[in-house]
Amino acid sequence: MKFSTSFFPTQKEVPVDATIPSHILMLRAGLIRPLAAGVYSHLPVGQRIMHKVMQIIREEMNAIGGQEVFLPALNPIELWQETGRVDDFGDIMFHVKNRPMVLAPTHEEVICSIAKNFLRSYRDLPQIWYQIQTKFRNEPRPRSGVLRGRQFLMKDSYSMDFSWEGLDKSYDKHAEAYKKIFSRCGLKFFIVGASSGAMGGSGSQEFMVESESGEDTCAVCPDCGYAANVEVAVSNVPPLPRAEGDLRLEEIHTPNVRTIDELVEFLNVPAEKLAKSLVYMQDNKTPILVLMVGNDQLNETKLSSALGPNIRPMRPDEIVQFTGAHSGSLGPIGLKNFKTIADNRVKDANGLISGANKDDYHIGNVDFVRDVKLDGYYDLREVKENEPCVQCGQPLRVVNAIEVGHIFKLGTKYAEDLKAYFLNEKGEEKPIIMGSYGIGVERIIASHIEQNHDENGLIWDESIAPFHIHIIGLNMKNENVREASENIYQILLDNNYEVVFDDRNDVTAGFKFKDADLLGMPVQIIIGEKNLKDGNVEVKVRRTGKRSVVAIDDIINKLEKLLH
RNA sequence: CGGGGCGUGGCUCAGUCCGGUUAGAGCGCACGGUUCGGGACCGUGAGGUCGGCGGUUCAAAUCCGCCCGCCCCGACCA
C-alpha cells in the first residue's frame, strides 16, 4: 500500500482528550477517531489490525470446533424480559425508542432462542457457536479510549452441552484456545479466578494483561504464579492471636477520635488491636455490621459474595438512627437488630478495641468468643502488596490489569428461563448446560499497545501488525531512489509480504522517519541515495532500533531472518 | 449520578480574571521557491456563527442564566 494514495492520518500533537498510552497512540497513529464518548470509528490501519486479531481468533475458535454465527444486535425486548435481564442490566442496556426493542449487550438470549428449537436431543450436543460482533452497553462513564466503550467489538462464544462433564470439557477447550489466542497476539497475560458477578454460574476465570491503565486489580505471585482478582484473592496473612488471661470489657474515653489512624495514635496501640466496624444496608432494610482488623480494607465484592446483592454503605443519618452514635464510634457491643459478620482474620480473637456506639467512647478487651454474637466469619479483606502468597509464601504483588477475556460456566440458568430443553438418553427433558466465553477485540489491541510502545510510538508484533514492512523512500524526487524503492516494493509484494511504502515526495526524511516509528511496523527499509550508490539499503528493526546496511539483492534473505 | 477540568481554524494552545480596533500563534493545509538521513527553511494565501440558546450592555470569546458536548476522579462495570 502506498502512502501517497492512502489514508494515514497521523498527528504529531498529543490529543487533548487522551491520557493513557494506548489511547494517545491509537489517535496519533490514525487507527481510530472518536465520534462520541465511548464510540470510535476504525480507520484503515486500525481496521487492518482488527482483522489480524479477528483472524487469529477465528483460527483458534475453529480449531476447537467452534462455528461462527452472526446474530442480531437488534433484539425484541420481550426476549430479554423472559430471563429477567432487562431489570438486571437496567440502564446499561440501550433501549430503542420507537420499537419495543433493545440493542444487545451480549447474546445468551438469542443463542438460547435458536437452541431451543433445534437442539432437542442429547445427540445434537455438544455445540460451540461463536460470533465476532459489535455489542452495545450504555456505560455510565466510558473511559480510557477503547478500553471501555459504549459500542465495542466482542468475540463471544457459547457452548451447549448435555452433561456437566461436557461443560467442563468445553470450558477447558476455551481456556486452551484463549491461551493460544493471546499468546499469538503477543500479549503477556495471566489467568485469574474471578467473581462470576451478575452472570451467575459455577465458575469463571479472567484473562488479564498487567497494565497501569487497567481497571481491575489483581494479586499475583511472581514466584509460583498464583494470581487472582482482588475480588477473590487471599493471602497467607495470619489471623489475630488470642491474648492470655481473662480480660474484662472496659470503656475508654476517646474524645474527637474518629479514624483508625487517630485511634492508633491516641491509644498508642497497633492497628491489629483494633476491630474496625463498618455498617451497610441490604435491600434498604437490613442493617449489617462488618468487623475487620483495623488496618484491613473491606472488599465490597467479597461482601456481596458473602451476603448477596443490593448492599450499600449506610447513610450518616441511618447510622445515627440505628446505632445511636456517629461513624468512628461504632462497634459490636450492645448493637441490636444488626446482622453481624466478621472477617476470618478476627475469628475468635480477643483483647480488641472497638467503638462503644456512644460518641467519643471505645470499648477495650472485646472478646469475639465471649462478647459478640456473629452470623458468620467470611473472607472479606482485600489482599495488600507484599503479603505472603497463599500458595508459596513469597510476597505478592498487587497490580492493575486489563481484562481481555472472561470464561464462564453458566450452567442451566438461561436454558431454564428460555425453556431450552433437550431429551437425554433416558428420554428425560433436561435444560441445556451452557458456557459463555468473551474476548474484547479492541482490548487486545489496546493491551498490546500498553505493553509495546516507546516514546516514538507503536511497536507491533508481526502477528497483528497492520503491515510487516514499512519502506521509506527518502528523497522520492531523486530518480535512483524512486526507481529502487518502487522495485523493492514490488519485490516484497511478490514475496507475499504486507508492505506499506512511504512514497510521498512532499515531506522530508525526518517526517517519514517519525511517521514510521509512530506507526510501528516491525521492520523498516530505508532507501536513500548514499547507500544506494553501493547497491545497499538500510534495514531497521522497530523494536530494537537496530539498523543494518543490506545489499538490495540480499533483502529477502535478511527479511526471512527478521520476520516469520 | 456526585466531584473536578475543559469547549476559540484540521491539531495543540494564547486571549476570558479586569468587556472596547479587523480574534491571535505554532503545527497542518494550498501555491511558488530553496532543501532532501530524524517532524527543514523563505515567501504568499485560504480557513473561525470563539459549543448552543437566552440575557446584561452603546459594545460580549470575555459578565450572568440555562442547555449541550468532551476528558479525569469516584459510584457503576455481564
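Positions in the first sequence are counted from 1; adding 543 to them yields the working numbering.
Where a beta carbon is used, it is the ideal one built from N, C-alpha and C, also for glycine.
Just so it is clear, the structure is predicted and the values come from calculations on it, not from any experiment.
For methionine 977 versus methionine 604, is the C-beta spacing smaller than 7 Å? no
Quick one: residues in its chain with C-beta nearer than 7 Å to the C-beta of alanine 741, no 5 flanking neighbours on either side, listed in chain order? Below a pLDDT of 50, predicted positions are generally treated as unreliable, and alanine 741, at 49, falls in that range; no measurement from the model is reported.
Proline 830 (DSSP reduced to helix, strand or coil): Here proline 830 sits in strand by DSSP.
The alpha helix (DSSP H) that contains glutamate 971, what's its start and end? Taken as a continuous stretch (DSSP letters only), glutamate 971 belongs to no alpha helix (DSSP H), as it is neither H nor E.
Within the chosen definition, does the region 783 to 801 reach the region 932 to 941 through at least 3 CB pairs nearer than 8 Å? no
Provide the residue(s) that pair with serine 820 in DSSP beta bridges, ordered along the chain. Under DSSP, serine 820 forms a beta bridge with Leu834.
Where do the N-terminal and C-terminal ends of the alpha helix (DSSP H) with glutamine 994 fall, by residue? 984 to 994
Length at least 3, wholly inside the region 711 to 781: the beta strand (DSSP E) runs in chain order: 733 to 736, 746 to 753, 759 to 763 and 770 to 772
Counting C-beta neighbours from all protein chains within 10 Å, is the total for leucine 792 16 or more, i.e. buried, or is it exposed? exposed
If we ignore side chains and look at the alpha-carbon of each, how far apart do leucine 841 and glutamate 928 end up? 15 Å
Count the other C-beta atoms from every protein chain shown that fall within 10 angstroms of the C-beta of arginine 591, then say buried if there are 16 or more, exposed otherwise. The residue is buried, with at least 16 neighbouring Cβ atoms inside 10 Å.
Inspect the beta-carbon positions of isoleucine 803 and leucine 817 and report whether they are closer than 7 Å. yes
From phenylalanine 733 to lysine 1083, what distance separates their C-alpha atoms? 32 Å
When the distance is taken between beta carbons, is valine 582 closer than 7 Å to glutamine 694? Cβ atoms of glutamine 694 and valine 582: closer than 7 Å.
Status (buried if at least 16 other CB within 10 Å, exposed otherwise) for histidine 1013: buried
Starting from the C-beta of glycine 874, find all residues in its chain whose C-beta is less than 8 Å away, skip the five residues before and the five after it, and write them out in chain order. Ala818, Ser820, Ser897, Gly898, Ala899, Asn900, His905, Ile906 and Val909
Tell whether a beta-carbon distance below 7 Å holds between methionine 593 and glycine 983. Result no, Cβ atoms of methionine 593 and glycine 983 do not sit closer than 7 Å.
Go ahead and label phenylalanine 750 buried or exposed: buried means 16 or more other beta carbons lie within 10 angstroms of its beta carbon, across all protein chains shown. Classification of phenylalanine 750: buried, given that the 10 Å Cβ count is 16 or more.
In terms of alpha-carbon separation, which member of Glu968, Tyr1040, Ser713 and Gly1063 lies closest to tyrosine 665? Glu968
7 Å Cβ cutoff met for tyrosine 673 and glutamate 611: When the beta-carbon positions are compared, tyrosine 673 and glutamate 611 come within less than 7 Å of each other.
Taking 6 Å as the cut-off, is the CB of valine 752 close to at least one heavy atom of the ligand SAH? Only the bare structure without any ligand can be found here, which leaves the ligand SAH out of the picture.
Given glutamine 748 as reference, the closest of Glu758, Pro765, Asn772 and Glu959 once Cα atoms are compared: Asn772
What runs of the alpha helix (DSSP H), each 4 residues or longer, lie entirely inside the region 913 to 984? 956 to 960
Buried or exposed by the 16-neighbour rule on C-beta atoms within 10 Å, applied to glycine 688: For glycine 688, the number of other beta carbons within 10 angstroms of its own is at least 16, and it is reported as buried.
Segment limits, alpha helix (DSSP H) that includes tryptophan 623: 620 to 625
Using the Cβ count rule (16 or more neighbours within 10 Å means buried), how would you classify lysine 890? exposed
Neighbour-count burial assignment, threonine 1051, 16 or more Cβ in a 10 Å radius: exposed
Give me, in chain order, the residues of the same chain whose beta-carbon lies closer than 7 Å to that of threonine 649; leave out the 5 immediate sequence neighbours on both sides. Lys678 and Asp699
Taking glycine 573 and proline 552 to be in contact with their CB atoms under 8 Å, please state how far apart those CB atoms are, rounded to whole angstroms. 4 Å
Within 10 angstroms of the Cβ of alanine 580, are there 16 or more other Cβ atoms? Answer buried if so, exposed if not. With fewer than 16 other beta carbons inside 10 angstroms of its own, alanine 580 counts as exposed.
In chain order, which continuous runs of the beta strand (DSSP E) of length 3 or greater are located wholly inside the region 563 to 601? 575 to 579 and 582 to 585
Please list the terminal residues of the continuous alpha helix (DSSP H) segment that includes glutamine 1033. 1022 to 1037
Output the distance between the C-alpha atoms of isoleucine 563 and lysine 845, rounded to the nearest integer angstrom. 29 Å
Closest by CA to proline 859, which one among Ile975, Lys952, Ser872 and Ser847? Per the Cα distances, Ser872.
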